[in-house]
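**Q** Please see the structure below; I have some questions.
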Amino acid sequence: MAATQKEESWSKQDIETRLFINGKFVKATGGETFPLKSPSTMTVVAEVSEASVEDTNAAVAAAKAAQPSWAALSPEDRGAYMKKLAALIKESHAELAYLEAISMGRPVRTYWDAWVAASNFEHFAEAGYSVQGTSSLNMPGFVNVSLKQPFGVVAAIIPWNLPLFFFSSKVAPAIVAGNTVVLKSSEKAPLTSAKVASLIERAGFPPGVINVLSGHGHISGSCLSSHVDVRALSFTGSTRTGRMIQVAAAQSNLKNVMLELGGKSPAIVFDDANIESAAAETKNSIQWNSGQSCMANSRIYVQDTVADRFISLFKSHFEAVKIGDPTDETTDHGPVADELQYKVVSSYIDSGKQSGKLLFGGGSPDGAQGYVIQPTIFTNTPEDAKILKEEIFGPVVIINTFSTEEEILKKANDTEYGLYAAVYTKDIDRAMRFAKGLEAGTVGINCTSPTVAHDMPFGGWKTSGVGREGYYSSIDNFLETKTVLMKVAV
Ligand code: NAD
Numbered sequence: 001m002a003a004t005q006k007e008e009s010w011s012k013q014d015i016e017t018r019l020f021i022n023g024k025f026v027k028a029t030g031g032e033t034f035p036l037k038s039p040s041t042m043t044v045v046a047e048v049s050e051a052s053v054e055d056t057n058a059a060v061a062a063a064k065a066a067q068p069s070w071a072a073l074s075p076e077d078r079g080a081y082m083k084k085l086a087a088l089i090k091e092s093h094a095e096l097a098y099l100e101a102i103s104m105g106r107p108v109r110t111y112w113d114a115w116v117a118a119s120n121f122e123h124f125a126e127a128g129y130s131v132q133g134t135s136s137l138n139m140p141g142f143v144n145v146s147l148k149q150p151f152g153v154v155a156a157i158i159p160w161n162l163p164l165f166f167f168s169s170k171v172a173p174a175i176v177a178g179n180t181v182v183l184k185s186s187e188k189a190p191l192t193s194a195k196v197a198s199l200i201e202r203a204g205f206p207p208g209v210i211n212v213l214s215g216h217g218h219i220s221g222s223c224l225s226s227h228v229d230v231r232a233l234s235f236t237g238s239t240r241t242g243r244m245i246q247v248a249a250a251q252s253n254l255k256n257v258m259l260e261l262g263g264k265s266p267a268i269v270f271d272d273a274n275i276e277s278a279a280a281e282t283k284n285s286i287q288w289n290s291g292q293s294c295m296a297n298s299r300i301y302v303q304d305t306v307a308d309r310f311i312s313l314f315k316s317h318f319e320a321v322k323i324g325d326p327t328d329e330t331t332d333h334g335p336v337a338d339e340l341q342y343k344v345v346s347s348y349i350d351s352g353k354q355s356g357k358l359l360f361g362g363g364s365p366d367g368a369q370g371y372v373i374q375p376t377i378f379t380n381t382p383e384d385a386k387i388l389k390e391e392i393f394g395p396v397v398i399i400n401t402f403s404t405e406e407e408i409l410k411k412a413n414d415t416e417y418g419l420y421a422a423v424y425t426k427d428i429d430r431a432m433r434f435a436k437g438l439e440a441g442t443v444g445i446n447c448t449s450p451t452v453a454h455d456m457p458f459g460g461w462k463t464s465g466v467g468r469e470g471y472y473s474s475i476d477n478f479l480e481t482k483t484v485l486m487k488v489a490v
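For the sequence shown, full-length UniProt numbering assigns the number 1 to the initial residue and increments by one for each residue that follows.
Below is the structure:
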């Protein structure tokens, strides 16, 4: 791709790796760092600051000090900073795409996170006036109102698969509501959050309003989860970590916790569906981002009457995927995030080979550099097999067949997860029966993930989460409600 003027204005060597506390970039106390390796070249691309307990406490203290004057600003004054930040994020798109590619292997070609992050900041910049309580004259002799007020200091802990999307969908609603934030990025993908911290500085936010820490779950993550000055915490990540955060919150100050967790999402394809679109869309769902998507349709159930045709189309889409260097503009399938993820996904593939039939993929392609896993298909897998029950978080799909509606609804719901479910059919009554019957936070009819709607609530049933995010759901996650009873003399 021809380099543009803007892309030349940043340097691949100039990578921010420090903590952003109280409006300043600082190294971790004690100078602790951790090496970040590119999953593609397997070389160290940065030594990143590991926030200590002292650093985490300093970030929370800075946020606490900044919060009253931030909350005292009008919504449009808070929004003005957010609009500046959105513009800077858009300008930095190419650099952010490059940073994600070298940290967790996301192909630059498929990188849209910066556009979505900018539009989240733009949307919530305008949303401050929607924070409103209620009023009531229903109690004789009283005028009563309810007020919506910020918690104070809130924390955000984000995963590595779509870091900037989660950064923006937590920080933007939190700050427009008058809270200040301490965000901890993932140790596997800290570079874009640190870059956005430099944009926060350039946008001129008052010190302490947004603090950005890098580091592992233990120390800074668990410190935020149990911090008594953090009054709400929004988390996206694994169900395992979500449970630990709930426990830490309960054992400290019972902070409000919002959890967006894992999934094992089914897509069901009936024989009356448009089989070509179903194959193309379900393939995209499980392959983009190397299958590292919470809502990926990792279980596909196809009606036996069209199974051969569907599987052959699906396989041809996997065959066409271009595997390679994520910084190359022509690559659409990069490595998984790191060595650990590679080992975990590989061990699921080994287990899949014992339980079902490996139809395609199943390892690293010949000559591939880095932690690359081929898009992989298993068929004929028993419903109780490990790979059908547990979240793999890699480009591995199980395609099984079914014959009746009753049978498949039961199988689709036979999971502890409930994030997303899809059904492909042209029968409107059947589509509605599945919309009602599927146990999931989002149901796609003739579409599948990653299709989502910004203005619809997003979140999980069962162990896939607690709470909802979205244009009209997220602000409320960062607000306390107070009732004011006013007795009126007669
Ligand atoms: P993870 O749970 O390992 O880590 C997520 C974050 O939690 C990281 O920042 C990590 O450092 C931190 N953390 C780890 N231990 C902690 C602790 N004890 N206390 C506090 N913080 C701690 O998840 P991951 O591997 O980064 O992300 C993959 C998982 O995220 C998958 O399960 C995926 O399904 C899920 N996910 C869910 C959604 C959703 O919207 N539901 C979206 C994306 C990813």
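Ideal Cβ placement from N, Cα and C applies to all residues, glycine included.
1. Which two residues bound the contiguous alpha helix (DSSP H) that contains G163?
2. What residues in its chain sit with their C-beta under 6 Å from that of P75, if we drop five residues either side in the sequence?
3. On the DSSP bridge assignment, give the partners of L36 in chain order.
4. I need the straight-line Cα distance from A94 to K343, nearest angstrom please.
5. Taking 7 Å as the cut-off, is the beta-carbon of S464 closer than that to any non-hydrogen atom of the ligand NAD?
6. Using the Cα positions of K24 and I373, report the straight-line distance between them to the nearest angstrom.
7. Any idea if V452 is buried or exposed, counting beta-carbon neighbours within 10 angstroms, 16 or more meaning buried?
8. Between A267 and the rest of its own chain, which residues show a CB-CB distance below 6 Å, the 5 nearest in sequence each way excluded?
9. Mind pulling the alpha helix (DSSP H) runs of 4 or more residues that sit fully within the segment 281-352?
10. Cβ of Y371 within 8 Å of Cβ of A203?
11. Mind reading off the beta-carbon distance from S220 to A248? Whole number of angstroms is fine, and I expect it under 8 Å.
12. Using C-beta distances below 7 Å, list every residue in its chain close to V488, excluding the 5 sequence neighbours before and after it, in chain order.
13. For L162 and S186, I'd like the C-alpha separation in whole angstroms.
14. Just to confirm my understanding: we take E390, look at its own chain, exclude 5 residues before and 5 after, and list those with CB closer than 6 Å. What are they?
15. Can you pull the DSSP bridge partners for G444?
16. May I ask you to list the residues that DSSP assigns as paired with S146?
17. If W461 sits next to E480, beta carbons under 8 Å apart, how far is it from one beta carbon to the other, in whole angstroms?
18. DSSP state of I408, grouped into three classes?
19. Quick check on L73: does DSSP put it in helix, strand or coil?
20. Buried or exposed, going by whether 16 or more other CB atoms sit within 10 Å of the CB of K188?
21. Would you tell me roughly how many angstroms separate the C-alpha atoms of E126 and Q132, rounded to the nearest one?
22. Check for me: the beta strand (DSSP E) holding F20 runs from which residue to which?
23. Could you spell out where the beta strand (DSSP E) holding L359 opens and where it closes?
24. Got a sec: does the ligand NAD put a non-hydrogen atom nearer than 7 Å to the Cβ of K184?
25. For M244, which of helix, strand or coil comes out of DSSP?
26. Does DSSP put E100 in a helix, in a strand, or in coil?
27. Going by Cα to Cα distance, which pick from A62, K170, S136 and F121 is closest to R468?
28. Say yes only if the C-beta of F393 is nearer than 7 Å to one or more non-hydrogen atoms of the ligand NAD, and no if none qualify.
29. Can at least three beta-carbon pairs, one atom from the segment 190-207 and one from the segment 12-26, be found at a separation below 8 Å?
30. Return the Cβ separation of G361 and P375 in integer angstroms, given the expectation that the two are a contact with Cβ distance under 8 Å.
31. How would you label N380, buried or exposed, when you count the other beta carbons within 10 angstroms and need 16 or more for buried?
32. Mind checking whether F458 and G470 have CB atoms under 8 Å apart?
33. In the structure shown, what three-state DSSP assignment does P450 receive?
34. On the CB-based measure, 16 or more other CB atoms within 10 Å of its CB, does Q303 come out buried or exposed?
35. My guess is that K482 and L147 are in contact by the Cβ rule of under 8 Å, so how many angstroms apart are they, rounded?
36. Would S49 and G30 be called neighbours here (beta carbons separated by less than 8 Å)?
**A** The structure says:
1. As a working note, residue 163 is residue 163 in the sequence shown. Looking at the sequence shown, residue 163 is not Gly but Pro. Per DSSP, P163 belongs to the alpha helix (DSSP H) from P163 to V176.
2. As a first step, residue 75 is located in the sequence shown; it is residue number 75 there, counting from the start. Taken in chain order, the residues that qualify are G128 and Y129.
3. Within the sequence shown, numbered from 1, the residue matching residue 36 stands at position 36. Note: L36 is bridge-paired with A46 in the DSSP secondary-structure output.
4. Here residue 94 refers to the residue found at position 94 of the sequence shown. Here residue 343 refers to the residue found at position 343 of the sequence shown. Taken atom to atom, the span from the alpha-carbon of A94 to that of K343 is near 30 Å.
5. For the purposes of this step, residue 464 is taken as the residue at position 464 of the sequence shown. Yes; taking the cut-off as 7 Å, the Cβ of S464 has a heavy atom of the ligand NAD nearer than that.
6. One-based indexing of the sequence shown puts residue 24 at position 24. One-based indexing of the sequence shown puts residue 373 at position 373. Rounded to the nearest angstrom, the two C-alpha atoms are 40 Å apart.
7. To locate residue 452, count along the sequence shown from 1; it is residue 452. By the neighbour-count criterion, in which 16 or more other beta carbons inside 10 Å mark a residue as buried, V452 falls on the exposed side.
8. To locate residue 267, count along the sequence shown from 1; it is residue 267. Counting only Cβ-Cβ distances below 6 Å, and skipping sequence neighbours, we find T282, N297, I300, A422 and T448.
9. Whole alpha helix (DSSP H) segments, 4+ residues: 307-319.
10. Here residue 371 refers to the residue found at position 371 when the sequence shown is read from its first residue. Here residue 203 refers to the residue found at position 203 when the sequence shown is read from its first residue. Note that the C-beta distance between Y371 and A203 is not below 8 Å.
11. Within the sequence shown, the letter at position 220 stands for residue 220. Within the sequence shown, the letter at position 248 stands for residue 248. Not really, about 13 Å apart at Cβ, beyond 8 Å.
12. As a working note, residue 488 is residue 488 in the sequence shown. For V488, where only same-chain residues beyond five positions count, the Cβ hits under 7 Å are G141, F142 and V143.
13. Position 162 of the sequence shown, counted from the first residue, corresponds to residue 162. Position 186 of the sequence shown, counted from the first residue, corresponds to residue 186. Those two C-alpha atoms are separated by around 10 Å.
14. To locate residue 390, count along the sequence shown from 1; it is residue 390. Hits under 6 Å: none found.
15. Against the sequence shown, residue 444 aligns to sequence position 444. Per DSSP, A422.
16. Within the sequence shown, residue 146 is the residue found at index 146, counting from 1. S146 is bridged to T483.
17. Here residue 461 refers to the residue found at position 461 of the sequence shown. Here residue 480 refers to the residue found at position 480 of the sequence shown. The beta-carbon separation of W461 and E480, rounded to 26 Å, does not stay under the 8 Å limit for a contact.
18. Position 408 of the sequence shown, counting from 1, holds the residue named residue 408. In the structure shown, I408 falls within a helical segment according to DSSP collapsed to helix, strand and coil.
19. For the purposes of this step, residue 73 is taken as residue 73 along the sequence shown, with counting starting at 1. In the structure shown, L73 falls within a coil segment according to DSSP collapsed to helix, strand and coil.
20. Here residue 188 refers to the residue found at position 188 of the sequence shown. K188 comes out buried.
21. Counted from its first residue, the sequence shown places residue 126 at position 126. Counted from its first residue, the sequence shown places residue 132 at position 132. In this structure, the alpha-carbon of E126 lies about 14 Å from that of Q132.
22. Residue mapping note: residue 20 aligns to position 20 of the sequence shown, counting from 1. Looking at the DSSP string, the run of the beta strand (DSSP E) that includes F20 is L19 to I21.
23. Taking the first residue of the sequence shown as position 1, residue 359 is located at position 359. K357 to F360 is the extent of the beta strand (DSSP E) around L359.
24. Counting from one through the sequence shown, the residue named residue 184 turns up at place 184. Checking every heavy atom of the ligand NAD against the Cβ of K184, one is found closer than 7 Å.
25. For the purposes of this step, residue 244 is taken as the residue at position 244 of the sequence shown. Helix, per DSSP.
26. By 1-based counting over the sequence shown, the position of residue 100 is 100. E100: helix per DSSP, three-state reduction.
27. Stepping through the sequence shown from its first residue, residue 468 is reached at position 468. Among A62, K170, S136 and F121, the Cα nearest to that of R468 belongs to K170.
28. As a working note, residue 393 is residue 393 in the sequence shown. At least one heavy atom of the ligand NAD lies closer than 7 Å to the C-beta of F393.
29. At 8 Å Cβ cutoff, the stretches touch.
30. Locating residue 361 in the sequence shown gives position 361, counting from the first residue. Locating residue 375 in the sequence shown gives position 375, counting from the first residue. Rounded, the Cβ-Cβ distance is 5 Å, consistent with contact.
31. For the purposes of this step, residue 380 is identified with residue 380 of the sequence shown, where counting begins at 1. Classified as exposed, N380 has fewer than 16 neighbouring CB atoms from the shown chains inside 10 Å of its CB.
32. Residue 458 sits at position 458 when you count from the first residue of the sequence shown. Residue 470 sits at position 470 when you count from the first residue of the sequence shown. The beta carbons of F458 and G470 sit closer together than 8 Å.
33. Along the sequence shown, read from residue 1 onward, the residue named residue 450 stands at position 450. The answer is coil: DSSP assigns P450 none of H, G, I, E or B.
34. Within the sequence shown, the letter at position 303 stands for residue 303. Answer is buried; the Cβ neighbour count reaches 16.
35. For this step, residue 482 is matched to residue 482 along the sequence shown. For this step, residue 147 is matched to residue 147 along the sequence shown. Contact between K482 and L147 holds: CB atoms are separated by about 5 Å, below the 8 Å threshold.
36. Indexing the sequence shown from 1 puts residue 49 at position 49. Indexing the sequence shown from 1 puts residue 30 at position 30. At a Cβ-Cβ threshold of 8 Å, S49 and G30 do not count as neighbours.
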